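Undergrad:
Numbering (the working numbering), first residue to last: 83 to 254.
1) Check residue 83 in the structure and name its three-state DSSP category.
2) Can you tell me whether residue 175 is helix, strand or coil according to DSSP?
3) Relative to the alpha-carbon of residue 174, which residue among 159, 105, 240 has its alpha-carbon at the smallest distance?
4) Could you compute how far the alpha carbon of residue 176 sits from the alpha carbon of residue 215?
5) Are residue 160 and residue 240 touching if we call contact CB-CB under 8 angstroms?
6) State the start and end residues of the unbroken alpha helix (DSSP H) segment that holds residue 222.
7) Once the 5 residues before and after residue 244 are set aside, which same chain residues still bring their CB inside 6 angstroms of it?
8) Closest to residue 118 by CA distance: which of 153, 192, 100 is it?
9) Residue 167 and residue 145 - do their beta-carbons sit closer together than 8 angstroms?
10) Which stretch, first to last residue, makes up the alpha helix (DSSP H) that contains residue 255?
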């Protein structure tokens, strides 16, 4: 793992330093962070859907726990790097802040961050507390899992829509 991380870091730094502009360096970090954040969230969402269909509540709860771990260590930090690098690109590239695709991306980022920090994280913590005294199949536990799954699905749909927005840059 350390070797793979080292190769990634060295390769990324070489590519970034060889780029001919700060804008491209910011863009590389922006896209890499978005891939970690959105790709990881999409994977967890698809795993949760498959596990839900397999009717395996214990495994579904474990996926929720893994989502909490990933959120605090990967997704939240990566989302703020995405925002920071997006702002840096906008300033460095002298882009118009009033463009639809940029405004949509910022608003959607704010919604996703609010959902993640304001809804998903507290509900996952509640779920963890419930599991100290209840089984995964307990109705009280499942009552917390259901809205978590719905919010996570809506959030990943919004994040994927941001990806489409950022790549096609609609100009309404």
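Think of the CB as a built atom: it goes at the ideal place given N, C-alpha and C, for glycine as much as any other residue. A quick note: this is a predicted structure, and the numbers were derived from the prediction, not measured.
TA: Inspection of the coordinates gives the following:
1) coil
2) The three-state reading of DSSP puts residue 175 in coil, since its state is none of H, G, I, E or B.
3) 105
4) 55 angstroms
5) no
6) 221-250
7) Here the set comprises 187, 190.
8) 153
9) no
10) This structure leaves residue 255 out entirely; the chain is present only between 83 and 254.
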